[in-house]
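Asks: I am attaching a structure below and will ask some questions about it afterwards.
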Amino acid sequence: MKFRLPPETYDSEPPPVLGTWSSVYMFVLGWLALLIALFYAFTRYFA
Amino acid sequence: MTTLDWIVMICTIIAIPSFGLWRGRGGTTTSHYLLAGKTMPWYAMGLSIMATQASAITFIATTGQAYVDGMRFVQFYFGLPIAMVILSATAVPIFHKAGVYTAYEYLERRFDAKTRALAGIVFLIQRGAAVGLALYAPAIVMSVIFGWNDRITTLIIGIICVLYTTMGGIPAVTWTDVLQMTIIFAGLILALLTVISLMPHGVSFTDAVYLAGSVGKLNAVDTKLDWDNRYNLWSGLLGGTFLMLGYFGCDQSQVQRYLSGKSVAQSKLSMLFNAMAKVPMQFFILFVGAMVFVFYLFAQPPMLFEKTAMKAIRFQPGYLAVQGRFDTAWRNREQAAEKLNAARKQDDDGQVAASTNAYRAAQKEVDGARRAGIQLYEKSTGSTGFNDTNYIFLSFVTTYFPAGVIGLVIAVILNAAMSSSSGELNSLAAVSVMDLYRRFWRQDASDRHYLMISRLCTAIWGSWAVIFAQYARNLGSLVEAVNQVGSYFYPVLLGVFALAFFFKRVQGSAAFWAMLTGEAAIVACSLFTHIAFLWFNVIGTVVVVAAGLVFSIGAPSRKTAAVG
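For the record, the sequence lines run as chains A and B.
Quick note on our numbering: the first sequence kicks off at 215 and runs consecutively.
Quick note on our numbering: the second sequence kicks off at 15 and runs consecutively.
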């Protein structure tokens, strides 16, 4: 009773932006770094 | 509540699940009931993943936590984006390719049946407890507003939730979540705008932010490494990553969401959407709580936000003295805040420094008076660990929000609890049926039979959740309680999946005993150390992986790929 996706829907499908999944992952991690930096500045400025 | 509030609340409560049932209609198979026939787009899965995690608890307790403790709780979520990236690159394609209904089904293909069963049982225990807590949260709404009994409210909410989950399965749950989260986003913005608009004349948005920051309410990042400190940058990045890996990678309530995707890419996008949106969303919710704190600088709050607690101490010896101390402390703080605000506008650095010190001292006195009130309550009732964090935001909403908006906020909170719980109930049913019933009891029944059993299991787990929720009252801040439950069980699940994905040498029995060893290590840490619970996620996972490798010494290396 397996329920599989069609083969064409696996890893071969590229992301809609940035070309490759690796680039998307790096963008997300960069976003996190930016948020932490902003929050840190926010904390220091208003403390 | 006004008649308008009642109309808005009832219509919203009925409309949201009805939309989910209508949008998810049409399926009559087990795959449709448990996986939505793998037809879901990324945005629906993404919002559903977010809604399952962000229950009513998130909105009730997180805002209150910012009021009491500042914004440092946001660090808890710093590991989430890292975990989402790791899972998008590993677990999402692996589970999709394996063609499984549950994450634990994959473990049998990689290890053996007993490891699958143990993982499934661990999930059922921890998620069964958490779903009860999630159901309890909205009971607070009713108890604060109407003085209704928490247990009766839990029962009513539970019945509604179980009904639509049993009827519609995961398609109804997912589409309900989509509408729910859309309304929540709108509601959060509305809440912030309302808080700011209620600030007294002369206190601008910038002033409010400064006043919150001056007494440490905007402490979003703490870089000091302290093992006993629950929330700092390092526990969030390391402990939080492990916890989120466990939650989103090994908890069927989340895995089931991205298994319903119509392609691997769509499932990955749903995860990465959460990776980008979750931290700012939590920051925003906490910020609303910090602004509520500023509002109460200029409008006197109750000494204790839980009305029943205030009633309990009202006629106790010493009450008048404690209440008088609180009133005086609040007035002093109000004056200190006004002076600081005026000094800032005059740009007088010396006066700003002196006013800031006076303001901080006044805040300490308010905190001290509140603690005295709490001690009076605990002494009069013989209880310990009193915590009214969960009542703060709701007290504010019901006292100061305009008619209609109150009804909408309460409906959103009730529906958030139901949508979160419904996803969990559906996943509990999936594991119960697919990993235990179908695997160990009856393997050759018809699809119609499994669909019926899935619905029956949903109803049974819903009943259990309601019963568990009856005893949730004394667990402190609910959001922490839920996360603590997870930290006791996710590490062993995460550890065994790490063994499955990355250590081909490790096989069935070694993985099984490694899980038990990891759970024993976590229990030992809990009983015999003061290590903050987020670190259990790191310790438990490392112990499982290490034990799995040790138990595999001498075992032959697998030549086949780990991915099924």
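Glycine included, C-beta positions come from ideal geometry on N, C-alpha and C.
Could you check if residue 475 of chain B is buried or exposed, using at least 16 other CB atoms within 10 Å of its CB as the buried criterion?
Replies: Classification for residue 475 of chain B: buried.
Asks: Residues of the region 352 to 376 of chain B with a CB closer than 8 angstroms to any CB of chain A: list them in chain order, please.
Replies: Listed by position, the residues of the region 352 to 376 of chain B near chain A (Cβ gap below 8 angstroms) amount to none.
Asks: Would you say the region 436 to 446 of chain B touches the region 79 to 92 of chain B, given that touching needs at least three Cβ pairs under 8 angstroms?
Replies: At 8 angstroms Cβ cutoff, the stretches do not touch.
Asks: Are the region 53 to 65 of chain B and the region 445 to 453 of chain B touching by the rule of at least three beta carbon pairs closer than 8 angstroms?
Replies: No, the region 53 to 65 of chain B is not in contact with the region 445 to 453 of chain B.
Asks: Could you work out which residues of chain A lie near residue 11 of chain B, taking near to mean beta carbons separated by less than 7 angstroms?
Replies: Absent from the model: residue 11 of chain B. The displayed extent of chain B is 15 to 578, so no value can be given.
Asks: Indicate whether the contact test is met: 3 or more Cβ pairs, each with one atom in the region 19 to 30 of chain B and one in the region 132 to 144 of chain B, closer than 8 angstroms.
Replies: Flag = no, the region 19 to 30 of chain B and the region 132 to 144 of chain B do not touch.
Asks: Please state if the CB of residue 92 of chain B and the CB of residue 300 of chain B are separated by a distance shorter than 7 angstroms.
Replies: No. Outside cutoff.
Asks: Along the alpha helix (DSSP H) that carries residue 118 of chain B, what are the first and last residues, could you check?
Replies: Per DSSP, residue 118 of chain B belongs to the alpha helix (DSSP H) from 117 to 124.
Asks: Going along chain B in order, which residues have a C-beta closer than 7 angstroms to the C-beta of residue 257 of chain A?
Replies: The contacting residues are 232, 233, 234 and 235.
Asks: Find the nearest neighbour of residue 472 of chain B within the set B:47, B:35 and B:34, judged by alpha-carbon distance.
Replies: The shortest C-alpha separation from residue 472 of chain B is found at B:47.
Asks: Between the Cα of residue 17 of chain B and the Cα atoms of B:388, B:201 and B:420, which residue gives the shortest distance?
Replies: When each option's Cα is compared against that of residue 17 of chain B, the closest is B:420.
Asks: Count the C-beta pairs between the region 286 to 306 of chain B and the region 399 to 418 of chain B that are closer than 8 angstroms, then say yes if the count reaches three, no if not.
Replies: Short answer: they touch.
Asks: For residue 227 of chain B, would you say it is in contact with chain A, using Cβ-to-Cβ distances shorter than 7 angstroms as the test?
Replies: Closer than 7 angstroms to some Cβ of chain A, the Cβ of residue 227 of chain B qualifies, so yes.
Asks: Express the C-alpha separation of residue 15 of chain B and residue 90 of chain B in angstroms, rounding to a whole number.
Replies: Looking at the two C-alpha atoms, the distance is approximately 35 angstroms.
Asks: From the beta carbon of residue 293 of chain B, is the nearest beta carbon of chain A less than 7 angstroms away?
Replies: With 7 angstroms as the cut-off, residue 293 of chain B counts as an interface residue toward chain A.
Asks: Answer with yes or no whether the minimum CB distance from residue 248 of chain A to chain B is below 7 angstroms.
Replies: For residue 248 of chain A, the answer is no, since every Cβ of chain B falls outside 7 angstroms of its Cβ.
Asks: Which first and last residues belong to the alpha helix (DSSP H) in which residue 371 of chain B is found?
Replies: Element bounds for residue 371 of chain B: 363 to 395.
Asks: By the three-class DSSP mapping on this structure, what secondary structure does residue 275 of chain B have?
Replies: Residue 275 of chain B falls in the strand class under three-state DSSP.
Asks: Kindly say whether residue 279 of chain B, judged by its beta-carbon, lies nearer than 7 angstroms to any beta-carbon of chain A.
Replies: Interface residue, yes.
Asks: Identify the residues that DSSP records as bridge partners of residue 54 of chain B: which are they?
Replies: Paired residues: B:275.
Asks: So what does DSSP say about residue 328 of chain B, is it helix, strand or coil?
Replies: Three-state result, residue 328 of chain B: coil.
Asks: For a contact defined as C-beta to C-beta under 7 angstroms, what are the partners of residue 298 of chain B on chain A?
Replies: The premise fails here: residue 298 of chain B is roughly 12 angstroms from chain A at the closest Cβ pair, so nothing lies under 7 angstroms.
Asks: Would you say residue 105 of chain B and residue 195 of chain B are within 7 angstroms of each other, going by their C-beta atoms?
Replies: The answer is no: Cβ separation not under 7 angstroms.
Asks: Work out the CA separation of residue 456 of chain B and residue 444 of chain B for me, nearest whole Å.
Replies: In a straight line, the C-alpha of residue 444 of chain B is about 15 angstroms away from that of residue 456 of chain B.
Asks: In whole angstroms, give me the CA-to-CA distance for residue 365 of chain B and residue 308 of chain B.
Replies: Roughly 21 angstroms separates the two Cα atoms.
Asks: Could you check what DSSP says for residue 348 of chain B in three-state terms: helix, strand or coil?
Replies: Residue 348 of chain B: helix per DSSP, three-state reduction.
Asks: Determine, using beta carbons only, whether residue 261 of chain A comes closer than 7 angstroms to chain E.
Replies: Although the question refers to chain E, the structure presented lacks it and instead comprises the protein chains A and B.
Asks: How long is the line joining the alpha carbons of residue 27 of chain B and residue 425 of chain B, rounded to whole angstroms?
Replies: Rounded to whole angstroms, residue 27 of chain B to residue 425 of chain B spans 6 angstroms at the Cα level.
Asks: Between the C-alpha atoms of residue 478 of chain B and residue 295 of chain B, what's the straight-line distance to the nearest angstrom?
Replies: Going from the Cα of residue 478 of chain B to the Cα of residue 295 of chain B covers about 31 angstroms.
Asks: Measuring only the C-alpha atoms, how far is residue 383 of chain B from residue 318 of chain B?
Replies: Spanning the two alpha carbons is a distance of roughly 10 angstroms.
Asks: Let me confirm a value: residue 415 of chain B is counted as buried when at least 16 other C-beta atoms fall within 10 Å, else exposed. Which label applies?
Replies: Buried.
Asks: Find the residues of chain A that neighbour residue 286 of chain B, judging by a C-beta separation of less than 7 angstroms, and give them in chain order.
Replies: Those are 238 and 242, listed as they occur along chain A.
Asks: Quick one, are the C-beta atoms of residue 429 of chain B and residue 30 of chain B less than 7 angstroms apart?
Replies: Cβ distance < 7 angstroms, so residue 429 of chain B and residue 30 of chain B count as in contact.
Asks: Can you tell me whether residue 318 of chain B is helix, strand or coil according to DSSP?
Replies: Residue state, collapsed to three classes: coil.
Asks: Looking only at its chain, what residues have a beta carbon closer than 7 angstroms to the beta carbon of residue 197 of chain B, apart from the 5 residues adjacent to it on each side?
Replies: Same-chain partners within the cutoff: 426.
Asks: With distance defined between alpha-carbon atoms, name the residue in B:111, B:110, B:132 and B:107 nearest to residue 118 of chain B.
Replies: Nearest option by C-alpha distance: B:132.
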